[in-house]
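The block underneath contains the structure these notes are about, expressed in C-alpha cells.
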Amino acid sequence: MPDLWQEAMDHAVAVARKAGEVVREALQNERKVMCKSTSVDLVTQTDQKVEQLIIASVKEKFPTHSFIGEESVADGQPCVLSENPTWIIDPVDGTTNFVHGYPFIAVCIGFAVEKKLEFGVVYSCIEDKMYAARRGKGAFCNGEPLQVSPQKEINQSIIATEFGSNRDPELVDKIFSNMRKILCLPVHGIRGVGSAALNMCLVAAGCVEAYYEMGIHCWDVAAAAVIVEEAGGVLMDFEGGPMDLMSRRIVAANNQTIAERVIKEIEPFPAVRDDAPLQTKQ
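Here the sequence shown is numbered in my numbering, starting from 43 and rising by one per residue.
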C-alpha cells in the first residue's frame, strides 16, 4: 500500500526547493515592498508569487487537499483547520529579513490530517538548509539527524525570541519587560534571527534551548513544530498546557524543565486567535 503522506512530504521538500530558487533570484532583483497591518508588517510580490507556486503545485498533485496560506488569509480567505488534509504555508518567513537582504529567510510548509500535524518542511533559502520531519520518523537537516540540547539549567541556556510587528508602546514595553525577566534569571543570552520557524529549527538543532513568542500565526510555526518535537523537544502554551496551533503564542524548548521556567517568567498579552472571525482580527 503506498504511503500517501510520505509522497506528500517528498512533494513538499521538492516544491520548497523550487520556492527557494524564486526567493534567491528575487533577492538579486528589485524587491517591491507593500504593507499589511502596519508600516512594519511587510509583504512583497515574492511572498505572493511563492505562495501561489506552492498551492498550484500541490493542487495539481493533491486536488482534494485544503490550504491555509499567509497571503491567502491576508487576502480574506478563512483560516480554518479542518479534518481534511491541510497544507499550512508561510511562503517567506522572515519577510523583513528578505526586504533588507538579511540572510535568514525560510519557506515553510506544514501538513496536518484530522487537525494533527504530520510533517513539516522548513527550507532556509540562503543557507541552503533543508529542515524536515515526519511524525514518528525523526527530524533532519540536509539529511543529518537533529537532536535538541541536553541542557536542563536555564542559567546555562540561550533563549530565542522576536519583537513582532506591533509598535504600540504599551505592547513593546511588555515585550521588553518579559525579555528583561528572562535575561536576568540569568541566561547566557537572548537571540533571534527574524524568523519564527528558523528560531524553532535552532531549538531542534540544539543551538538554543528555547524560543518563545506571542503574536505569531499558525503558518509561522506549524512546519517547525513537527521538527522540534521529532528532535526531542517540547511545545507548550503560555498557560502551561500543550501548544494550541491557533492561539498565536508558543514556547518551543529542548525539554519541559526549560519550557516551564520560561513560562514562569512571561506575562502573556492577548492576541486574536487565527481561527477567530475575520472581522475581529488585528
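Built from N, CA and C at the ideal position, the CB exists for glycine as well.
Contact between the stretch 278-290 and the stretch 308-322 is present: three or more C-beta pairs spanning the two stretches fall below 8 Å. Considering only 53, 146, 113, 65, the residue with the shortest C-alpha distance to residue 104 is 53.
For residue 180, the enclosing beta strand (DSSP E) begins and ends at 180-183. Where residue 211 is concerned, the enclosing alpha helix (DSSP H) starts and stops at 211-225. Following the DSSP letters along the chain, one finds residue 159 inside the beta strand (DSSP E) bounded by residues 158-166. The alpha-carbon separation between residue 65 and residue 285 amounts to approximately 30 Å. The straight-line gap separating the alpha-carbon atoms of residue 45 and residue 264 is approximately 21 Å. For residue 128, the enclosing beta strand (DSSP E) has its first and last residue at 128-135.
For the options 176, 114, 257, the alpha carbon positioned closest to that of residue 214 is the one of 257. Boundaries of the alpha helix (DSSP H) around residue 263: 260-272. Counted as a single uninterrupted DSSP element, the alpha helix (DSSP H) harbouring residue 56 occupies residues 46-69.
Taking the C-beta atoms as reference points, residue 134 is found nearer than 8 Å to residue 89. Closest in alpha carbon position to residue 228, among 217, 204, 199, is 199. In the structure shown, residue 149 adopts extended strand secondary structure according to DSSP, grouped into three states.
Our two residues, residue 201 and residue 218, have alpha carbons roughly 14 Å apart in a direct line. Between the alpha carbons of residue 190 and residue 247 lies a distance of about 6 Å. Per DSSP, the beta-bridge partners of residue 277 are 294. Residue 100 has its alpha-carbon roughly 27 Å from the corresponding atom of residue 75. For residue 171, the secondary structure class from DSSP, reduced to helix, strand or coil, is strand. In this structure residue 173 is in contact with residue 243, their Cβ atoms being roughly 5 Å apart against a cut-off of 8 Å. Contact check for residue 138 against residue 62 fails: the beta carbons are separated by 8 Å or more. Residue 85 is bridged by DSSP to 76. Under a 10 Å Cβ-count criterion, residue 124 is classified as exposed, with fewer than 16 other Cβ atoms of the shown protein chains found around its own Cβ.
Take the alpha-carbon of residue 142 and the one of residue 94: they are about 23 Å apart. Each of 113, 162, 115 was checked against the Cα of residue 56, and the nearest Cα belongs to 162.
Taking C-beta atoms as the reference points, residue 253 and residue 203 count as a pair closer than 8 Å. Under the DSSP assignment, residue 114 falls outside any beta strand (DSSP E), being part of the alpha helix (DSSP H) whose first and last residues are 112-116.
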